[in-house]
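A.B. asks: Have a look at the structure that comes next, please.
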Amino acid sequence: MKRITLIIIVLSFLLVQCSSSNIVSSWQSSGSETLNLKSGRIIVLGLIRESDKSLQKKMENHLADDLCNLGYDAISSLELYGLNTFEGKDENQIMEQLKQNGAAAVLTVVLLDKQKEKYHAPKSMFDLGYTNDFDIYYAAIYSKIYQEGYYVNDTYYFWESSLFTMPDQKIIYSVQTQSFNPLNAASLAHEYGKLIINDMLEHNIIKGNHKEKKQKL
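To convert, take the position in the sequence shown, counting from 1, and add 6; that gives the working numbering.
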């Protein structure tokens, strides 16, 4: 009985702590083919509020690194332009700056929403141990159902990434995802990057074995 109790407690803990990201929807333009980006650069641009700038850096870097590992010339906007990316600039100035940096495409990372939920999780009834005595069982149960228990915080992230070709500014791919209770920002960025890259490969938006990995400038 104690062994079963321990298993239940461990499984419950893992379910609460587990982190996962999944694709909600994915779209590509009709007739789109694998991009020829050999002569240009993919700029990964995070559009995330100021309070989550550290998360933006990790999200951009992981996606850019994953693209570089496929042989593409990719770089994060924060690495290229610093913290105040395009701040105070109009559309023409932004386009000119992207052109000057050899952008063949821009891959955006947008944090659409971030929600936190707090719920009450009563203590498990299974940690009472085994007993045949009703009075002992009754006393233990009565005590437990009036205990405060504990509170668990859940965090949900809702993301969107879109790929625009330059300089025509055509959107050819867009994907929406959700992430639940990431262990930390690095884990979230790593998981998100792999998820998006695999989906782009599956839809032939990019290709594997592109060419020898380029050195970022």
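All C-beta atoms in this analysis are idealised placements derived from N, C-alpha and C, irrespective of residue type, glycine included.
By Cβ distance, which residues of its chain are closer than 6 Å to residue 115, with the 5 residues on each side in sequence left out?
C.D. replies: The residue given as residue 115 occupies position 109 in the sequence shown. These residues qualify, in order along the chain: 52, 65, 167.
A.B. asks: What distance in whole Å lies between the Cβ atoms of residue 81 and residue 49, which are believed to be in contact at a cut-off of 8 Å?
C.D. replies: For this step, residue 49 is matched to residue 43 along the sequence shown. For this step, residue 81 is matched to residue 75 along the sequence shown. Confirmed, about 6 Å.
A.B. asks: Do residue 183 and residue 29 have their C-beta atoms closer together than 7 Å?
C.D. replies: If you number the sequence shown from 1, residue 183 lands on position 177. If you number the sequence shown from 1, residue 29 lands on position 23. In this structure, residue 29 lies closer than 7 Å to residue 183 by Cβ.
A.B. asks: Whole angstroms is fine: what's the gap from residue 62's alpha carbon to residue 203's?
C.D. replies: Numbered from its first residue, the sequence shown carries residue 62 at position 56. Numbered from its first residue, the sequence shown carries residue 203 at position 197. Computed Cα separation, rounded: 17 Å.
A.B. asks: Which of the three DSSP states, helix, strand or coil, is assigned to residue 211?
C.D. replies: Translated into the one-based positions of the sequence shown, residue 211 becomes position 205. Residue state, collapsed to three classes: coil.
A.B. asks: I'd like the list of long-range same chain contacts for residue 209, defined as Cβ closer than 6 Å, with 5 residues on each side in sequence excluded.
C.D. replies: Counting from one through the sequence shown, the residue named residue 209 turns up at place 203. Within the same chain, residue 209 has close Cβ partners 34.
A.B. asks: Three-state secondary structure (DSSP) at residue 197?
C.D. replies: Here residue 197 refers to the residue found at position 191 of the sequence shown. Residue 197 falls in the helix class under three-state DSSP.
A.B. asks: To which residues does DSSP link residue 47 through a beta bridge?
C.D. replies: Within the sequence shown, residue 47 is the residue found at index 41, counting from 1. Paired residue(s): 109.
A.B. asks: Just the Cα atoms here: how many angstroms apart are residue 131 and residue 76?
C.D. replies: The residue labelled residue 131 in the question sits at position 125 within the sequence shown. The residue labelled residue 76 in the question sits at position 70 within the sequence shown. Because residue 131 carries a pLDDT of 48, less than 50, the predicted location of this residue cannot be relied on, and the following value inherits that uncertainty. Approximately 51 Å, taken between the alpha carbons.
A.B. asks: Can you give me the Cβ contacts of residue 205 inside the same chain, cut-off strictly under 7 Å, excluding the 5 residues immediately before and after it?
C.D. replies: Position 199 of the sequence shown, counted from the start, is the residue given in the question as residue 205. Cβ neighbours of residue 205 beyond the five flanking positions: 29, 32, 181.
A.B. asks: From residue 26 to residue 185, what distance separates their C-alpha atoms?
C.D. replies: Taking the first residue of the sequence shown as position 1, residue 26 is located at position 20. Taking the first residue of the sequence shown as position 1, residue 185 is located at position 179. Going from the Cα of residue 26 to the Cα of residue 185 covers about 6 Å.
A.B. asks: Which residues in the same chain have their Cβ closer than 6 Å to the Cβ of residue 72, if we skip the five residues on either side of it in sequence?
C.D. replies: By 1-based counting over the sequence shown, the position of residue 72 is 66. Within the same chain, residue 72 has close Cβ partners 199, 203.
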